[in-house]
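Note that the protein sequences, when read in sequence, are chains G and C. The first sequence lines up with residues 130 to 586 when you count with our numbering. The second sequence lines up with residues 388 to 872 when you count with our numbering.
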Amino acid sequence: MKILILGAGQVGSTVAESLVSEANDITVVDTHAEKLRLLQDRFDLRTLVGNASHPSTLKQAGIADADILLAVTQSDEVNMVACKLASSLYNTPVKIARIRASGYLDHPEIFNSDNFCVDFSICPEQILTDYIRKLIEFPEALQVLEFANGLVSLVAVKVFDGGPLVDKPLSFLRSNMPQIDARVAAIFRQDKPIIPEGDTIVQEGDEIFFIAATGNIRSVLKELRRMDKPTKRVMIVGGGNIGRRLARSLEQDYQVKVIEYNKTTCEGLAGLLKHTLVLNGDGTDENLLATEHVADVDVFCALTNDDENNIMSTLLAKRDGARKVIALINRNAYVGLVQGGKIDIALSPAHVTIGSLLAYVRQGDVAAVHSLRRGAAEALELIAHGDRQSSKVVGRRIDEIELPKGATIGAIVRGKDVIMGHRDQQIEEEDHVIVFVINKSMINKVEKLFQVSVGFL
Amino acid sequence: MRRIFTVFHALGLMLVVFSAAYLMPMVASLVYDDGTLIHFALAMVMTFAAGLLMWLLTRRYKGELSVRHGYLLVIGMWTAMPAVATLPLLMVIDGLTFSHAYFETMSGITSTGATVLSGLDNLPPAINIWRHELHWLGGMGIIVLAVAVLPLLGVGGRQLFKAETPGPMKDSTLTPRITETARNLWLIYFSITVACILSLKAAGMTWLDSICHAFSAMGLGGFSTHDASIGYFNSPAIEGVLIVFMLLAAINFSTHFLAWRVKSLKTYLLDTEFVATVVLILVSCFGIALFLWWNGVYPTFMTALRHASFNLVSIATDCGFSSTDYNQWPIFAPMWMLFLSCISVSSGSTGGGIKMIRTLILFKQAGREFVKLLHPAVVNPMKIAGHVVPNNIVFAVLGFIFLYFMSASALVFALMASGLDFISSFSAIIACINNVGPGLGVVGPAGNFSVLTTFQTWICTLAMLAGRLEIFTLLIIFTPQFWRR
Chain G
130 MKILILGAGQ VGSTVAESLV SEANDITVVD THAEKLRLLQ DRFDLRTLVG NASHPSTLKQ
190 AGIADADILL AVTQSDEVNM VACKLASSLY NTPVKIARIR ASGYLDHPEI FNSDNFCVDF
250 SICPEQILTD YIRKLIEFPE ALQVLEFANG LVSLVAVKVF DGGPLVDKPL SFLRSNMPQI
310 DARVAAIFRQ DKPIIPEGDT IVQEGDEIFF IAATGNIRSV LKELRRMDKP TKRVMIVGGG
370 NIGRRLARSL EQDYQVKVIE YNKTTCEGLA GLLKHTLVLN GDGTDENLLA TEHVADVDVF
430 CALTNDDENN IMSTLLAKRD GARKVIALIN RNAYVGLVQG GKIDIALSPA HVTIGSLLAY
490 VRQGDVAAVH SLRRGAAEAL ELIAHGDRQS SKVVGRRIDE IELPKGATIG AIVRGKDVIM
550 GHRDQQIEEE DHVIVFVINK SMINKVEKLF QVSVGFL
Chain C
388 MRRIFTVFHA LGLMLVVFSA AYLMPMVASL VYDDGTLIHF ALAMVMTFAA GLLMWLLTRR
448 YKGELSVRHG YLLVIGMWTA MPAVATLPLL MVIDGLTFSH AYFETMSGIT STGATVLSGL
508 DNLPPAINIW RHELHWLGGM GIIVLAVAVL PLLGVGGRQL FKAETPGPMK DSTLTPRITE
568 TARNLWLIYF SITVACILSL KAAGMTWLDS ICHAFSAMGL GGFSTHDASI GYFNSPAIEG
628 VLIVFMLLAA INFSTHFLAW RVKSLKTYLL DTEFVATVVL ILVSCFGIAL FLWWNGVYPT
688 FMTALRHASF NLVSIATDCG FSSTDYNQWP IFAPMWMLFL SCISVSSGST GGGIKMIRTL
748 ILFKQAGREF VKLLHPAVVN PMKIAGHVVP NNIVFAVLGF IFLYFMSASA LVFALMASGL
808 DFISSFSAII ACINNVGPGL GVVGPAGNFS VLTTFQTWIC TLAMLAGRLE IFTLLIIFTP
868 QFWRR
């Protein structure tokens, strides 16, 4: 596929990086030559310096035969204009724009084909905010990902001593709570994937991925580990785009404190937020943390732009007694370094947000993609089309489908119903199938399975 | 000094315009044939001539007014207009001194409602119309009329508006053009007044009484055509109508305008001041009624509620009608009413006092200080209805409150030094500076300000002027900086 990416910022480069490996022709446009040079040094792609909203730049970048336009520059306006131009002048089939301002998002009609022609709009900060919010709602989980408009969730949880399931086979889960249906999709033991069978023994320290209807998450979590008290107090370091959104979405339900270094930003935040306590200071200042009772904080999130500061302030907070600490870390190398140590959760914004973009780029009808374990594994929501003749999945029982080893069908969503992916379940047309893939290399095969063969057309 | 003449030039024009106000009592005089037509005609000619002369003599200095001169013009108007307005009173009422006549017209134009006249029932109808018309004109501020008219005559009005419109949120302009804003506000004021006249008529007043009391209620003045004020009518219907319109007049007229423009009553709920005022007044009404009933002042709770609500709303909104001699109630009740008169009206209404918005700001400021003590690093800007109020406004409010209390104390001391008892001095100043009207003690609802000495009368006149011009506007011209170039 030919993909044109506008903007070589964090989102642009991560998307480029992850798409390059999937055999696509990629062109990246940005106004900064330096950023582009870095990209070009690392990956096999084409770059172009220029203003992304100028027709001449777009033309030079080869928009005429691009399949997908990804407008992810810093500016909402540039992204919207680029989509409009691509549509008016070159009829580009798929146009995706990063739109951050809620003023635009409040009026979805401006994105339709009569106006700015944005097929899909994404807002990475919002995705990240929703993601962190889930972690605050379920402080026991390492990751909570939603599928099918929130009907089904995939939850990652670390098994600690004290859960009823420890040192027992997985089948025990079923017999212990017969009324609730959940499926364990994968277990990672010392970073190695294990394909779960009924007789797999759960050990302390395992990272378990399970799929369940969203309403049942809490009951399943209870089986796997002893539950903490529900979250009440949240402290956020960094009042930037993400910190602000997060505080805004949390302040109704939790006691929120935001620490921000920049005085002017503080004033803006305090003006916007109603129930949040805005503090002006340094998130790594232990005196400030102590004055604000970090020891009583249930969830501590460090969300500044600075990886080192985030790591340091979360380490401090953890030492001083914060129950769960989350650090936002941009550098991939750091994420692997700190996750699972003192810091409970290390978040890579790129990996959290990339899934929503990947969904549009993939072959077959993919409704959602979530990247797991720093991009090593993936969970996909695919839509089954066709019939028994034209499709390799429709009309077949799950154990009849030739899934590659390491891929599991976790659940099926049919209309509003959530059906767990047990062996004898039959897949019907228009089902949303949630597939867990423990290794990225199998994704292609899985997608092929769900593509309708040509005969159908 | 030359620029002072520019102020006189504008003031002359104002007087010329003001002379048209005599037309209304002239019509009344024709209708009721009370023999005062000639006096009003004479007063009109004199005012017109004085204004014209002032205007002609200073026409070389015609020009745009600076903000400083705006302040001077406002003060000039609020002293000159009551001065010329005394003319018919002096001519018609025998034995009235200028001090008393000036007190009366100042009380009218500042919509205070304190009176030195007695035997109101027997005054010629035209005189009563004149007194109440002063309330009505003063209520919304003659200035808003002036702002709507003067720009048409080529004199800029924006700086006047800034000096005049009460309250800290004065910069929330409703329409891009100030003339348009003023005209809209005036239209709303006018419409509500018409509604009030018709409702009062329907509730059983004569046309003369309903016009007079509607003017009085809308300007939140408090003059009545009867010595016994509203007690004369002894009608729950009239009291109910007046309660509603006094409350309407105590709401920010910008809110009325917004509600009318977006055609939604929700606008009122978004006005923090309105909500605070209504809650405070409702709770107080029931509280005071309960208190009066409990103390055996009234035999039934409903009678207590009727008298408590009318008098409390009247005093709290700075109107100043009374339906009974509340001076006889246990002291807690009238004191609480006077306390409410200091704080409970909205900015941008026709009432006086500290205004609800300033009270809210100070309350929140106190809250901010507490939070600051607990969390030294906190950044918590002042917010009213979700909007950040800049710190300089908070300081201005603090400065205002300080000046307000200092001025009130100084004036109370002046009255006490002249020999008046404490309750009368205190309540007279509070009633005048808040533009309420009746106080307690000798100046209570059953009494009258005519018992005061000439000196005391002038002190009260000063208090009314200072209160109406929000103290800052008046005191600023006494600062040396004001006169420095």
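Heads up, the beta-carbon is just placed ideally off N, CA and C, and yes, glycines get one too.
* Does the region 507-517 of chain G come close enough to the region 284-296 of chain G that 3 or more CB-CB pairs lie under 8 Å? -> no
* Asked: Residue range of the alpha helix (DSSP H) that His-519(C) falls in?
  -> As a position in the second sequence, residue 519(C) is number 132, starting the count at 1. That run of the alpha helix (DSSP H) goes 512-526.
* To do: Starting from the beta carbon of Ala-505(G), find every residue of chain C whose beta carbon is closer than 8 Å, and list them in chain order.
  => Indexing the first sequence from 1 puts residue 505(G) at position 376. Per Cβ cutoff of 8 Å: no residues; Ala-505(G) is ~41 Å from chain C at best.
* Could you spell out the range, first to last residue, of the alpha helix (DSSP H) harbouring Glu-396(G)? => Position 267 of the first sequence, counted from the first residue, corresponds to residue 396(G). Taken as a continuous stretch (DSSP letters only), the alpha helix (DSSP H) holding Glu-396(G) covers 392-401.
* Asked: Asp-154(G) by DSSP, collapsed to three states: which one?
  -> As a working mapping, residue 154(G) is identified with position 25 in the first sequence. Of the three classes helix, strand and coil, the one that applies to Asp-154(G) here is strand, per DSSP.
* Would you identify the three-state DSSP class for Ile-668(C), choosing helix, strand or coil? => Position 281 of the second sequence, counted from the start, is the residue given in the question as residue 668(C). Helix.
* **Residues within the region 500-513 of chain C neighbouring chain G, beta-carbon criterion of under 8 Å** => none
* To do: State yes or no: is the C-beta of Ile-225(G) within less than 8 Å of the C-beta of Asp-248(G)?
  => Here the question's residue 225(G) lines up with position 96 in the first sequence. Here the question's residue 248(G) lines up with position 119 in the first sequence. It is a contact, given that the beta carbons lie within the stated cut-off.
* Residue environment, Phe-800(C), which counts as buried when at least 16 other CB atoms sit within 10 Å -> The sequence position of residue 800(C) within the second sequence is 413, counting from 1. Its Cβ having fewer than 16 others within 10 Å, Phe-800(C) is exposed.
* C-alpha gap between Ala-430(C) and Met-401(C), whole angstroms -> On the second sequence, residue 430(C) is found 43 positions in, with the first residue counted as 1. On the second sequence, residue 401(C) is found 14 positions in, with the first residue counted as 1. Cα to Cα, Ala-430(C) sits roughly 15 Å from Met-401(C).
* Pairing CB atoms from the region 466-475 of chain G with CB atoms from the region 131-144 of chain G, are three or more of them under 8 Å? -> no
* Asked: Using a Cβ-Cβ distance under 8 Å, would Gly-327(G) count as near chain B?
  -> Absent from the structure: chain B. Protein chains present are G and C.
* For Ile-741(C), which residues from the same chain have a beta carbon less than 7 Å from its beta carbon, with the 5 sequence-adjacent residues on both sides left out? -> Locating residue 741(C) in the second sequence gives position 354, where the first residue counts as 1. Cys-729, Ile-730, Ile-788, Tyr-791, listed in sequence order.
* Could you pull out every residue in the same chain whose Cβ sits closer than 6 Å to the Cβ of Asp-587(G), ignoring the five residues on either side in sequence? => The shown model of chain G, from 130 to 586, leaves out residue 587(G), and the question about it has no answer.
* **Leu-214(G), DSSP secondary structure in three states** => Here residue 214(G) is taken as the residue at index 85 of the first sequence, counted from 1. In this structure, Leu-214(G) counts as helix in the three-state DSSP scheme.
* Asked: For Gly-674(C) versus Ala-624(C), is the C-beta spacing smaller than 8 Å?
  -> Here residue 674(C) refers to the residue found at position 287 of the second sequence. Here residue 624(C) refers to the residue found at position 237 of the second sequence. Contact flag unset, no.
* **Same chain, Cβ closer than 8 Å to Pro-392(C), five either side skipped, listed in chain order** => Locating residue 392(C) in the second sequence gives position 5, counting from the first residue. As written in the sequence, residue 392(C) is Phe, which differs from the Pro given in the question. Excluding sequence neighbours, Phe-392(C) sits near Thr-445, Arg-447, Tyr-448.
* Asked: For Asn-767(C), which residues in chain G fall below 8 Å Cβ to Cβ?
  -> As a position in the second sequence, residue 767(C) is number 380, starting the count at 1. Those within 8 Å of Asn-767(C) in chain G are Ala-399, Leu-406, Val-407.
* Ser-282(G) - partner residues in DSSP beta bridges -> Along the first sequence, read from residue 1 onward, the residue named residue 282(G) stands at position 153. DSSP lists Glu-275(G), Ala-341(G) as partners of Ser-282(G).
* Range of the contiguous alpha helix (DSSP H) that encloses Gln-139(G) -> For the purposes of this step, residue 139(G) is taken as residue 10 along the first sequence, with counting starting at 1. Counting along the chain, the alpha helix (DSSP H) containing Gln-139(G) begins and ends at 139-149.
* Asked: Less than 8 Å separating the beta-carbons of Met-633(C) and Tyr-576(C)?
  -> For the purposes of this step, residue 633(C) is identified with residue 246 of the second sequence, where counting begins at 1. For the purposes of this step, residue 576(C) is identified with residue 189 of the second sequence, where counting begins at 1. Cβ atoms of Met-633(C) and Tyr-576(C): not closer than 8 Å.
* Considering only C-alpha positions, which residue in the set Gln-580(G), Ile-365(G), Arg-262(G), Gly-535(G) is nearest to Val-523(G)? -> For the purposes of this step, residue 523(G) is taken as residue 394 along the first sequence, with counting starting at 1. Closest option to Val-523(G), Cα to Cα, is Gln-580(G).
* Note down the Cα distance separating Tyr-419(C) from Lys-751(C), rounded to an integer number of angstroms. => Translated into positions along the second sequence, residue 419(C) becomes position 32. Translated into positions along the second sequence, residue 751(C) becomes position 364. So the two alpha carbons sit approximately 54 Å from each other.
* Take Leu-785(C) as the anchor and find which of Ile-744(C), Leu-587(C), His-762(C) has the nearest alpha-carbon. => Taking the second sequence and counting its residues from 1, one reaches residue 785(C) at position 398. Out of Ile-744(C), Leu-587(C), His-762(C), Ile-744(C) has the C-alpha closest to the C-alpha of Leu-785(C).
* Leaving out five residues before and five after Arg-491(G) in sequence, what residues of the same chain have Cβ atoms less than 7 Å from its Cβ? -> Taking the first residue of the first sequence as 1, we reach residue 491(G) at position 362. Contacts found: Val-498, Glu-576.
* How would you label Phe-338(G), buried or exposed, when you count the other beta carbons within 10 angstroms and need 16 or more for buried? -> Along the first sequence, one-based indexing puts residue 338(G) at 209. Phe-338(G) is buried by the Cβ-count criterion.
* **Where Lys-534(G) falls: helix, strand or coil (DSSP)** => On the first sequence, position 405 is the one that residue 534(G) refers to. Note: Lys-534(G) maps to coil in three-state DSSP.
* Output the residue ranges of the alpha helix (DSSP H) runs that lie fully inside the region 802-849 of chain C and measure 4 residues or longer, sorted by chain position. => 809-820
* To do: Evaluate contact between the region 454-474 of chain C and the region 424-440 of chain C, counting only Cβ atoms and requiring at least three cross-stretch pairs below 8 Å.
  => yes
* Asked: Can the beta-carbon of Gly-826(C) be found less than 8 Å from the beta-carbon of Ser-811(C)?
  -> Start at 1 with the first residue of the second sequence, and residue 826(C) comes out as number 439. Start at 1 with the first residue of the second sequence, and residue 811(C) comes out as number 424. Taking 8 Å as the Cβ cut-off, Gly-826(C) and Ser-811(C) qualify as a contacting pair.
* Nonlocal neighbours in the same chain, by C-beta distance under 7 Å from Arg-390(C), ignoring five residues either side -> Taking the second sequence and counting its residues from 1, one reaches residue 390(C) at position 3. Closer than 7 Å at Cβ, skipping near neighbours: His-456.
* Would you please state the rounded distance, in angstroms, between the beta carbons of Leu-943(C) and Thr-659(C)? I believe it to be under 8 Å. => Here chain C covers residues 388 to 872 and nothing more, so residue 943(C) does not appear.
* To do: Under 8 Å between beta-carbons, which chain C residues line up against Thr-420(G)? List them in chain order, please.
  => Position 291 of the first sequence, counted from the start, is the residue given in the question as residue 420(G). Within chain C, the residues near Thr-420(G) are His-762, Pro-763, Ala-764.
* Do the region 182-190 of chain G and the region 236-243 of chain G touch if we need at least three Cβ pairs shorter than 8 Å? -> no
* Asked: Pairing CB atoms from the region 349-358 of chain G with CB atoms from the region 292-299 of chain G, are three or more of them under 8 Å?
  -> yes
* **Ser-559(C) to Met-793(C) span [Cα, whole Å]** => Residue numbering aside, residue 559(C) sits at position 172 when the second sequence is read from its first letter. Residue numbering aside, residue 793(C) sits at position 406 when the second sequence is read from its first letter. Per-residue confidence for Ser-559(C) stands at a pLDDT of 47, beneath the threshold of 50, marking its modelled position as unreliable; no derived number is given.
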